[in-house]
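The numbering of the sequence shown is the numbering used here, which starts it at 2 and goes up by one. Ideal placement from N, C-alpha and C gives every residue a C-beta, glycine not left out. All values derive from a computational prediction rather than experimental measurement. Single-structure report; data block below.
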Amino acid sequence: MLPDEHGENLGETLAPGSETRIQLCGRLVAKLEGRRIEELLPGRQGRLLFAYLAANRRHAVTRSQLTDVLWPNNPPSAADAALSALLTKLRGVVGTHAVVGKQELRLVLPADAWIDLEAALEGLHRAESAASRQDWTAAWGPARVALHIAMRPFLPGYDAAWVDATREQIEDVLMRAHECVANTGLALRGSELTSAARSARALMKLAPYRESGYRFMMEILALQGNVAEALLIYERLRRLLSDDLGASPSPATLAVHRRLLQGDAGRRGAVARELKTVLFTDIVGSTELAAAIGDHAWQDLLLKHQDIVRRQLERAGGHEVDTAGDGFLATFESPVQAVACACKVMQQVGALGVSLRVGIHTGECEVLDGKVCGIAVHLGARIAAHAQADEVLVSSTVKDLMTGSDIEFDDRGLHTLRGVPGEWRLFAVQVGSAPKAPTREATKK
């Protein structure tokens with residue numbers, strides 16, 4: 002059960018099985034191996050030191066960094082000695098085994114330790130990844146977890162450069178979590194529309210020039226039969242952008258407005274049914290990899306990965322439908338294009354030291370506003386989830402459609418796919434057997 006937004010200890014609520022829980026957003030709460038220690042920390046500086054080490058536990062920090070954190074403007078004349086004294090007191094509370102190192106220090110926690118900042122980032126990643134696959138049920142819970150953590154202030158009462166930088170990161174998590182909750186609730190409908198509307202209104206208030214909140218609110222109101230109110234939301238945005246920025250609403254917002262005027266308020270676009278080959282990619286162990294190499298290196302790696310995927314999609318005639326940063330959903334006109342493209346992506350991304358899992362299925366899809374949905378898309382996502390690292394896994398439909406090609410497959414047996422009736426035989430592509438992906442021009446001939 003999700004915590005109430007006014008609850009005191011998200012750590013205890015969200016991670017009931019963990020004996021080590023640290024809450025940095027909201028009131029500082031620290032429970033190490035079952036023992037509450039926040040009141041035992043050595044004063045204000047001791048709490049700040051502990052919080053910094055906890056927030057940066059994935060890598061070592063230097064004594065110089067700690068000195069700057071504790072005394073950014075007026076360090077004591079014997080700053081190193083003062084730091085040593087504070088570290089001694091901290092070790093007396095958390096244990097000498099928990100703070101290791103001399104010149105470079107780390108906070109060492111049990112493997113199952115739960116820290117709210119990490120939980121928020123992981124929840125957002127899982128939610129955005131599931132939403133990109135249109136697996137709305139899987140996206141809902143993690144999005145709510147990320148939202149409820151990020152909406153609480155980080156280390157209230159403390160002012161420091163690193164605190165401000167962390168608050169900016171959490172603000173980004175908050176905005177994206179609101180967008181994910183609004184988008185997912187809109188797709189699930191039912192009682193989730195209430196939370197979706199709450200997040201949409203929060204976006205409008207917290208980021209008034211960010212159009213997504215207005216779009217979500219327009220669609221929610223339209224679904225509830227309040228088309229006039231939805232049109233008023235659009236007019237409010239149009240005037241705001243015009244008066245303050247001299248700008249106009251984006252094409253995406255204009256499309257929602259146009260549907261309202263055309264009486265298609267209850268639908269997110271006109272539906273067409275088309276035969277498509279859907280391809281899903283996902284970086285294996287992305288959360289662990291990001292934690293191991295750090296934020297900057299991870300972002301650089303993501304950009305290189307995205308460039309490779311998009312370049313190969315363009316060459317093979319694929320259409321990028323959605324991405325959550327470390328995963329892609331794309332469609333192709335033929336399975337040969339999709340398989341060849343996937344194998345090329347797998348080889349090139351592997352040179353970055355990254356492992357992918359890929360799932361491919363061919364079937365009839367519902368196409369709405371350039372997006373795809375339906376059982377075929379759901380199947381593709383489930384197949385990708387069954388793939389191993391560095392594996393392109395396809396349905397028997399794809400294999401049968403490629404009879405006569407030079408691509409070879411290994412039978413992976415029958416599988417039950419969550420949410421899909423029956424058993425499905427899956428096949429792994431022998432990546433080395435895949436030919437060069439046919440170009441976009443070749444597919445038109």
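query: Since A61 contacts R107 with CB under 8 Å, what's their CB separation in whole angstroms?
result: Here A61 really is in contact with R107; their C-beta atoms are around 5 Å apart, less than 8 Å.
message: Just to confirm the assignment: which complete alpha helix (DSSP H) runs, minimum length 4, are found wholly within the stretch 379-404?
response: Segments of the alpha helix (DSSP H) lying fully in the stretch 379-404: 397-402.
field: Through-space distance from R274 to Q389, alpha-carbon basis
entry: For Q389 and R274, the distance between alpha carbons rounds to 31 Å.
- request: Sort out for me which residues DSSP pairs E275 with in a bridge.
  value: Beta bridge pairing from DSSP links E275 with C366.
task: Have a look at Q338 and S192 and give me their C-alpha separation to the nearest angstrom.
output: Rounded to whole angstroms, the gap between the alpha carbons of Q338 and S192 is 41 Å.
query: Which residue's Cα is closest to the Cα of M152: F217, M176, A52?
result: That would be M176, whose Cα lies nearest to the Cα of M152.
message: Can you list, in chain order, the residues of its chain with a C-beta nearer than 7 Å to that of A201? Leave out the 5 residues immediately preceding and following it.
response: Closer than 7 Å at the Cβ level, and outside the excluded window around A201, lie A183, G214, F217, M218, I221.
- prompt: CA-CA distance, E180 and A31?
  reply: The straight-line gap from Cα to Cα measures roughly 30 Å.
message: Residues in the same chain with beta-carbon distance under 7 Å from R58, minus the five sequence neighbours each way, listed in chain order, please.
response: Excluding sequence neighbours, R58 sits near R107, L108, L110.
message: Please give the ranges of any alpha helix (DSSP H) in the stretch 86-149, keeping only runs that are unbroken, at least 4 residues long and fully inside the region.
response: Entirely contained in the stretch 86-149, the alpha helix (DSSP H) runs reaching 4 residues are, in chain order, 117-133.
- request: Please report how far the alpha carbon of E172 lies from the alpha carbon of Q307, in whole angstroms.
  value: Taking the straight line joining both Cα atoms gives about 24 Å.
- request: For Q170, name the three-state secondary structure that DSSP assigns.
  value: Collapsing the DSSP output to three states places Q170 in a helix.
- request: Measuring alpha carbon to alpha carbon, tell me which of D323, K277, K206, E169 ends up nearest D362.
  value: In the sequence as displayed, the identity of residue 362 is His instead of Asp. The option with the nearest alpha carbon to H362 is K277.
field: W72 - DSSP class collapsed to helix/strand/coil
entry: In the structure shown, W72 sits in coil (DSSP, three-state: anything other than H, G, I, E or B).
At least three beta-carbon pairs within less than 8 Å, the stretch 285-305 to the stretch 352-360: Output reads yes: the stretch 352-360 touches the stretch 285-305.
message: For Q46 and A385, I'd like the C-alpha separation in whole angstroms.
response: One C-alpha to the other measures close to 48 Å.
- prompt: Helix, strand or coil: how does DSSP classify G270 here?
  reply: Any reading at G270 must be qualified, since the residue scores a pLDDT of 49, below 50, and its modelled position is unreliable; the value itself is stated next. Reduced to three states, the DSSP call for G270 is coil.
query: Would DSSP call L15 helix, strand or coil?
result: Note on L15: pLDDT 37, under 50, position unreliable in the model; no value is reported.
message: Looking only at its chain, what residues have a beta carbon closer than 6 Å to the beta carbon of R426, apart from the 5 residues adjacent to it on each side?
response: Cβ within range, chain order: S397, L415.
task: Check whether the Cβ atoms of L67 and L50 lie closer than 9 Å to each other.
output: The Cβ atoms of L67 and L50 lie closer than 9 Å to each other.
query: Can you give, in chain order, each stretch of the alpha helix (DSSP H) that sits fully within the stretch 295-328 and has at least 4 residues?
result: Within the stretch 295-328, the complete alpha helix (DSSP H) segments at least 4 residues long are 296-317, listed from N- to C-terminus.
- request: Drop a sphere of 10 angstroms on the beta-carbon of C344, count the other beta-carbons inside from all chains shown, and report buried for 16 or more, exposed for fewer.
  value: Classification of C344: buried, given that the 10 Å Cβ count is 16 or more.
- prompt: Does the distance from the C-beta atom of T282 to that of V310 stay below 9 Å?
  reply: It is a contact, given that the beta carbons lie within the stated cut-off.
message: DSSP three-state label for L42, please.
response: L42: coil per DSSP, three-state reduction.
- prompt: Residue range of the alpha helix (DSSP H) that F217 falls in?
  reply: Start and end: 212-224.
query: Going by beta carbon distance, what residues of the same chain come within less than 6 Å of D136, once the five residues before and after it are set aside?
result: For D136, where only same-chain residues beyond five positions count, the Cβ hits under 6 Å are A382.
query: Under the three-state reduction of DSSP, which class applies to R426: helix, strand or coil?
result: DSSP places R426 in the strand class (E or B) of the three-state scheme.
Rounded C-alpha distance that separates E13 from A147: For E13, the predicted model reports a pLDDT of 35, less than 50, meaning its position is unreliable and no value from the coordinates is stated.
- prompt: Rounded to a whole number of angstroms, what is the C-alpha to C-alpha distance between P157 and A52?
  reply: About 12 Å.
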